[in-house]
């Protein structure tokens, strides 16, 4: 089944809600008129505002040079119903594959970057590279999320979280205990 | 119920299995004969071998100076049955609280660092700080996991993954599809 999430603009300072739980994401990029998509699991939130994300992208990936050169990408959150595409995207290369075409994914124009958003994903976070201090040594990009679109339903996406060895954990139920927090720590 | 996991030594290059899914972790530290524990959600795997982890720890946290000064800590993985402790540890300060005592957690000697491991946690990853290039600007520590202990049962821990606003996602079922991967990508 093709997903057709109805998405709305979302405050960039709140996207930790979707990235802090640690889902596998699809990173889309554009350089020299070509697009690409990669599967990524090594990322962390770094700051609320500006909305900063740190990502480790292996230099051997075709996307590495595209993101480094264009200084942009989109972090897209796919849901578990796309598990086959998530794996296949991570197991072929943009050097010889048009991944949007091969996996029948739809390019959606982004608002603030040239890199395309993936229509079938639950959320799209448009990013600009803001710091490459650790790029040479650790392949670590620091990005600012400059625009965010998130599905208005369901409340939370059913995401996949990689453990290596071909095994994914699927996001489960939720526990909400805000009364146990100090307001400033929520 | 107090957890009493039977833990075994675990290869440090494979710990992505437990951290890449993005769980909330408890970070224990020791400095000037005092111990402390903090709750952390902003971390990422950076490399298999050496086994590197990147962590953002707000400078206002009591643990920040302890870890910066001692150049060590232990990343402990708590399971959902400790949700109350996970929240409470993140909502009080080591400046005026002995958290091991207050939360009835047991200090277990670590093997390669002075920082204590938490006995009740599913896994303990002993870390040494190896890079502080981004500490001043982003409070970002790069750590090497120098020793790991992981429970031999169950196969995977039931972890909690924070979304903000007092809400946690609990890890769900697993999907294993190694046959869909190229062997070098597993």
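Residue numbers (the numbering used here), protein chains in the order written: chain U, 28 to 213; chain E, 28 to 213. Every residue gets a Cβ at the ideal spot worked out from N, C-alpha and C, and that includes glycine.
Requested in this report: Apply the 10 Å Cβ neighbour rule to residue 131(U) and answer buried if 16 or more other Cβ atoms are within range, or exposed otherwise.
Outcome: Numbered from 1 along the first chain, position 104 holds the residue referred to as residue 131(U). Exposed is the call here.
Query raised in the report: First and last residue of the beta strand (DSSP E) that includes residue 113(E)?
Result: What you label residue 113(E) is simply residue 86 of the second chain in a count that begins at 1. Not the beta strand (DSSP E): residue 113(E) falls in the alpha helix (DSSP H), residues 110 to 116.
Query - Candidates 88(E), 119(E) and 176(E), of which the one nearest residue 150(E) by Cα - result: The sequence position of residue 150(E) within the second chain is 123, counting from 1. Ranking the options by Cα distance to residue 150(E), first place goes to 176(E).
Report task. Please specify which runs of the beta strand (DSSP E), each continuous and at least 3 residues long, are wholly inside the region 120 to 161 of chain U, giving them in chain order. Result -> 150 to 158
Report task. Output the boundary residues of the alpha helix (DSSP H) element that contains residue 96(U). Result -> Counting from 1 along the first chain, the entry for residue 96(U) is found at position 69. 89 to 97 is the extent of the alpha helix (DSSP H) around residue 96(U).
**Report entry** Closest by C-alpha distance to residue 141(U), when choosing among 118(U), 101(U), 212(U) and 76(U)
**Finding:** Translated into the one-based positions of the first chain, residue 141(U) becomes position 114. Nearest of 118(U), 101(U), 212(U) and 76(U) to residue 141(U), Cα basis: 101(U).
Report task. Answer yes or no: does any C-beta atom of chain E fall closer than 8 Å to that of residue 89(U)? Result -> Here residue 89(U) corresponds to residue number 62 of the first chain, with the count starting at 1. No - not a single Cβ of chain E is within 8 Å of the one on residue 89(U).
Requested in this report: Check the Cβ of residue 40(E) against every Cβ in chain U and list those closer than 7 Å, keeping chain order.
Outcome: As a first step, residue 40(E) must be located in the second chain, where it is residue number 13. Ordered by position in chain U, no residue passes the 7 Å Cβ test against residue 40(E), which lies about 10 Å from the chain.
Query raised in the report: In chain U, which residues lie less than 9 Å from residue 183(E) when you measure between Cβ atoms?
Result: In the second chain, counting from the first residue as 1, residue 183(E) sits at position 156. Per Cβ cutoff of 9 Å: 190, 194 and 196.
Query raised in the report: CB residue 81(E) to CB residue 66(E), shorter than 8 Å?
Result: Looking up residue 81(E) in the second chain gives position 54. Looking up residue 66(E) in the second chain gives position 39. Contact flag unset, no.
Query raised in the report: From which residue to which residue does the alpha helix (DSSP H) around residue 46(U) run?
Result: Within the first chain, residue 46(U) is the residue found at index 19, counting from 1. Note, residue 46(U): alpha helix (DSSP H), 43 to 46.
Query raised in the report: Just checking my contact of residue 238(E) with residue 155(E) at CB under 8 Å: how many whole Å lie between their CB atoms?
Result: Nothing about residue 238(E) can be reported from this structure: the residues present for chain E run from 28 to 213 only.
Report task. Determine whether the Cβ of residue 121(U) lies closer than 8 Å to any Cβ atom of chain E. Result -> Residue 121(U) sits at position 94 when you count from the first residue of the first chain. No - not a single Cβ of chain E is within 8 Å of the one on residue 121(U).
**Report entry** Span separating the alpha-carbon of residue 145(E) from that of residue 189(E)
**Finding:** Numbered from its first residue, the second chain carries residue 145(E) at position 118. Numbered from its first residue, the second chain carries residue 189(E) at position 162. Each residue's Cα considered, the two are about 20 Å apart.
Query raised in the report: Roughly how far, in whole angstroms, is the beta-carbon of residue 137(U) from the beta-carbon of residue 174(U), given that I think they are within contact range, below 8 Å?
Result: Translated into positions along the first chain, residue 137(U) becomes position 110. Translated into positions along the first chain, residue 174(U) becomes position 147. That belief holds up - the Cβ atoms of residue 137(U) and residue 174(U) are roughly 7 Å apart, short of 8 Å.
Query raised in the report: residue 163(U) by DSSP, collapsed to three states: which one?
Result: Taking the first residue of the first chain as position 1, residue 163(U) is located at position 136. Residue 163(U) falls in the helix class under three-state DSSP.
Query raised in the report: Start and end of the beta strand (DSSP E) containing residue 75(U)?
Result: Here the question's residue 75(U) lines up with position 48 in the first chain. No beta strand (DSSP E) holds residue 75(U); DSSP gives it neither H nor E.
Query - Closer than 8 Å to chain A by CB, residue 168(U) - result: Considering every chain present, this structure includes no chain A. Its protein chains are U and E.
Requested in this report: Find the residues of chain U that neighbour residue 44(E), judging by a C-beta separation of less than 7 Å, and give them in chain order.
Outcome: What you label residue 44(E) is simply residue 17 of the second chain in a count that begins at 1. Under the 7 Å cutoff, chain U gives 190 and 191.
**Report entry** Test item: CB-CB of residue 152(E) and residue 84(E) under 8 Å
**Finding:** As a position in the second chain, residue 152(E) is number 125, starting the count at 1. As a position in the second chain, residue 84(E) is number 57, starting the count at 1. Their beta carbons are not under 8 Å apart, which means residue 152(E) does not touch residue 84(E) by this criterion.
**Report entry** Proximal residues of chain E, C-beta to C-beta of residue 48(U) below 8 Å
**Finding:** As a working note, residue 48(U) is residue 21 in the first chain. The contacting residues are 49, 188, 189, 190 and 196.
Query raised in the report: Checking contacts by CB at 8 Å: is residue 162(E) closer than that to chain U?
Result: Taking the first residue of the second chain as position 1, residue 162(E) is located at position 135. Residue 162(E) does not count as touching chain U.
Requested in this report: For the region 56 to 72 of chain U, enumerate the residues whose C-beta is nearer than 7 Å to any C-beta of chain E, in chain order.
Outcome: 68, 69, 70, 71 and 72
Requested in this report: Starting from the beta carbon of residue 32(U), find every residue of chain E whose beta carbon is closer than 8 Å, and list them in chain order.
Outcome: Locating residue 32(U) in the first chain gives position 5, counting from the first residue. The contacting residues do not exist; residue 32(U) stays about 18 Å from chain E at best.
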